[in-house]
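Peer 1: Protein chains in written order, with the working numbering: chain A, 775 to 880; chain B, 133 to 299.
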Amino acid sequence: MEREWERLLLRFGQPVTLRQRGDSRSLRAFVQPVLERGGRQEVPTPLGLRRQDRFLYLGPAGHPLDLDTLVEWQGQEYQVQSAHRVGEGICPHWRAVLCPRDEVRA
Amino acid sequence: MNTGLEQIRQTMADYLCQQGVPAVTAWPAAPRQEWTEPVVVVSVRGCRAGSASFQDYLGERYDERSGRWEERYGKRAQLTLGLDIYAPEREDGEAVQSAFDALAGVLVLGGPEGLDLQEFSCGQTAWDGESRRLKRPVEAVCTAWLCAVTDAGGVFVDFELRGVRKE
Numbered sequence: 775m776e777r778e779w780e781r782l783l784l785r786f787g788q789p790v791t792l793r794q795r796g797d798s799r800s801l802r803a804f805v806q807p808v809l810e811r812g813g814r815q816e817v818p819t820p821l822g823l824r825r826q827d828r829f830l831y832l833g834p835a836g837h838p839l840d841l842d843t844l845v846e847w848q849g850q851e852y853q854v855q856s857a858h859r860v861g862e863g864i865c866p867h868w869r870a871v872l873c874p875r876d877e878v879r880a
Numbered sequence: 133m134n135t136g137l138e139q140i141r142q143t144m145a146d147y148l149c150q151q152g153v154p155a156v157t158a159w160p161a162a163p164r165q166e167w168t169e170p171v172v173v174v175s176v177r178g179c180r181a182g183s184a185s186f187q188d189y190l191g192e193r194y195d196e197r198s199g200r201w202e203e204r205y206g207k208r209a210q211l212t213l214g215l216d217i218y219a220p221e222r223e224d225g226e227a228v229q230s231a232f233d234a235l236a237g238v239l240v241l242g243g244p245e246g247l248d249l250q251e252f253s254c255g256q257t258a259w260d261g262e263s264r265r266l267k268r269p270v271e272a273v274c275t276a277w278l279c280a281v282t283d284a285g286g287v288f289v290d291f292e293l294r295g296v297r298k299e
């Protein structure tokens, strides 16, 4: 099952880059928007317009994510909202919820 | 006609920035930015304007530029400004406290021209899930005069903000 998962990532995964404490790693993972019926994609806040859509990340077991990890996917940076290593013993992988990072002020 | 209050948030934000306290106005129609340091977000929480004299009449004043006497009218306004401090959620509370100390250090000396700062207060720092930031609510109560003069035909021209602070 593990080998099957790695093949799936290799074949259908999308290129992403994980940035973590000065380290940068390129790999393949699945990233998909979490579809919600209720919330709006962008809402006004006192600090400006905020994206509130979320993305589901499924990635290889050997590349852990934490709350300080930045995920770059399709030219946009995402912050990790939550991350867990799941599927131990069957098909271990990292499952995370990502949110778009605000534009960094120069 | 201007009421004299349109630029109040920007005036306060500019004043704080000039004093070395990073500040922006609230609710910009642009994507929000990730600040690496705490920032004060200026909003108007409340405004109460009322008559300060009989039929708002403040008296006459000689205008040297136009060379004529002009009649002045005005209302006294009490404004409650939100000066909330937002900090990155991965900061510790000390950064917010330092930002508040800097803000308080500016506010105890007064406010921008035209605003008489009466009092300010703050709440406690908390994580704000809506903004995903650390937030400390701060507000300041100010008094201002909204003054207008009549032109030669007796018609009001724009109101402007006039402070009650005496240097």
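All C-beta atoms in this analysis are idealised placements derived from N, C-alpha and C, irrespective of residue type, glycine included. From a predicted model like this one, the values you see are computed outputs, not experimental measurements.
1) Can you name the start and end residues of the beta strand (DSSP E) that B:Thr-282 belongs to?
2) Using 10 angstroms around the beta-carbon of A:Phe-786, count the other beta-carbons present and answer buried if the total reaches 16, otherwise exposed.
3) Helix or strand or just coil, what does DSSP make of B:Trp-167?
4) Quick check: is the beta carbon of A:Pro-820 nearer than 7 angstroms to any beta carbon in chain B?
5) Measuring CB atoms only, is the segment 134-154 of chain B touching the segment 858-878 of chain A, in the sense that at least three cross pairs come out at less than 8 angstroms?
6) Check A:Leu-783 in the structure and name its three-state DSSP category.
7) Given the structure, does B:Ala-209 come close to the ligand ATP, in the sense that its CB is under 6 angstroms from one of the ligand's heavy atoms?
8) Give a yes or no on whether 7 angstroms exceeds the smallest Cβ distance from A:Arg-824 to chain B.
9) A:Asp-876 versus chain B: which residues are under 8 angstroms apart at the beta carbon?
10) In the DSSP assignment, the beta strand (DSSP E) including A:Gln-853 goes from what residue to what residue?
11) Rounded to the nearest angstrom, what separates B:Pro-269 and B:Phe-252 at their Cα positions?
12) Would you mind sorting B:Leu-215 into buried or exposed? The rule is 16 or more other CB atoms within 10 Å of its CB.
13) Examine chain A for any beta-carbon lying closer than 7 angstroms to the beta-carbon of B:Gln-201, and answer yes or no.
14) Among B:Ala-272, B:Leu-241 and B:Arg-197, whose alpha-carbon lies nearest the alpha-carbon of B:Gly-255?
15) In chain A, what lies closer than 8 angstroms to B:Pro-170 by C-beta?
16) Does the segment 240-251 of chain B come close enough to the segment 189-202 of chain B to have 3 or more Cβ pairs within less than 8 angstroms?
17) Flag this pair as yes or no: are the beta carbons of B:Ala-158 and B:Ser-175 separated by less than 7 angstroms?
18) I need the straight-line Cα distance from B:Val-228 to B:Ala-155, nearest angstrom please.
19) Is A:Leu-832 near A:Ala-857, with beta carbons less than 7 angstroms apart?
20) Closer than 7 angstroms, CB to CB, is B:Pro-160 near chain A or not?
21) The alpha helix (DSSP H) spanning B:Glu-226 covers which residue range?
Peer 2: Answer, in terms of the structure:
1) The residue you call residue 282 of chain B lines up with position 150 of the second sequence. No beta strand (DSSP E) holds B:Thr-282; DSSP gives it neither H nor E.
2) Stepping through the first sequence from its first residue, residue 786 of chain A is reached at position 12. Exposed.
3) Counting from one through the second sequence, the residue named residue 167 of chain B turns up at place 35. For B:Trp-167, the secondary structure class from DSSP, reduced to helix, strand or coil, is coil.
4) Stepping through the first sequence from its first residue, residue 820 of chain A is reached at position 46. Yes - at least one Cβ of chain B is within 7 angstroms of the one on A:Pro-820.
5) No, the segment 134-154 of chain B is not in contact with the segment 858-878 of chain A.
6) The residue you call residue 783 of chain A lines up with position 9 of the first sequence. Annotated three-state conformation of A:Leu-783 is helix, per DSSP.
7) Because no ligand of any kind appears in the structure shown, any question about the ligand ATP cannot be addressed here.
8) Residue 824 of chain A sits at position 50 when you count from the first residue of the first sequence. Yes, because at least one Cβ of chain B sits closer than 7 angstroms to the Cβ of A:Arg-824.
9) Numbered from its first residue, the first sequence carries residue 876 of chain A at position 102. The contacting residues are Pro-163, Arg-164, Gln-165 and Glu-166.
10) Locating residue 853 of chain A in the first sequence gives position 79, where the first residue counts as 1. Note, A:Gln-853: beta strand (DSSP E), 850-860.
11) Your numbering for residue 269 of chain B matches position 137 in the second sequence. Your numbering for residue 252 of chain B matches position 120 in the second sequence. Taking C-alpha positions only, B:Pro-269 is separated from B:Phe-252 by approximately 11 angstroms.
12) Position 83 of the second sequence, counted from the start, is the residue given in the question as residue 215 of chain B. It counts as buried.
13) Translated into the one-based positions of the second sequence, residue 201 of chain B becomes position 69. Reading off the sequence, residue 201 of chain B comes out as Trp, not Gln. Closer than 7 angstroms: no.
14) Your numbering for residue 255 of chain B matches position 123 in the second sequence. If we check each option's Cα against that of B:Gly-255, B:Ala-272 comes out closest.
15) For the purposes of this step, residue 170 of chain B is taken as residue 38 along the second sequence, with counting starting at 1. Chain order gives no chain A residues near B:Pro-170, where near means a beta carbon separation below 8 angstroms; the closest approach is about 12 angstroms.
16) Touching, no.
17) Taking the first residue of the second sequence as position 1, residue 158 of chain B is located at position 26. Taking the first residue of the second sequence as position 1, residue 175 of chain B is located at position 43. In this structure, B:Ser-175 lies closer than 7 angstroms to B:Ala-158 by Cβ.
18) Counted from its first residue, the second sequence places residue 228 of chain B at position 96. Counted from its first residue, the second sequence places residue 155 of chain B at position 23. If I take the Cα positions, the gap works out to 14 angstroms.
19) Counted from its first residue, the first sequence places residue 832 of chain A at position 58. Counted from its first residue, the first sequence places residue 857 of chain A at position 83. Not closer than 7 angstroms, so no.
20) In the second sequence, counting from the first residue as 1, residue 160 of chain B sits at position 28. Yes - at least one Cβ of chain A is within 7 angstroms of the one on B:Pro-160.
21) Within the second sequence, the letter at position 94 stands for residue 226 of chain B. It spans 225-239 - the alpha helix (DSSP H) in which B:Glu-226 sits, taken as one unbroken run.
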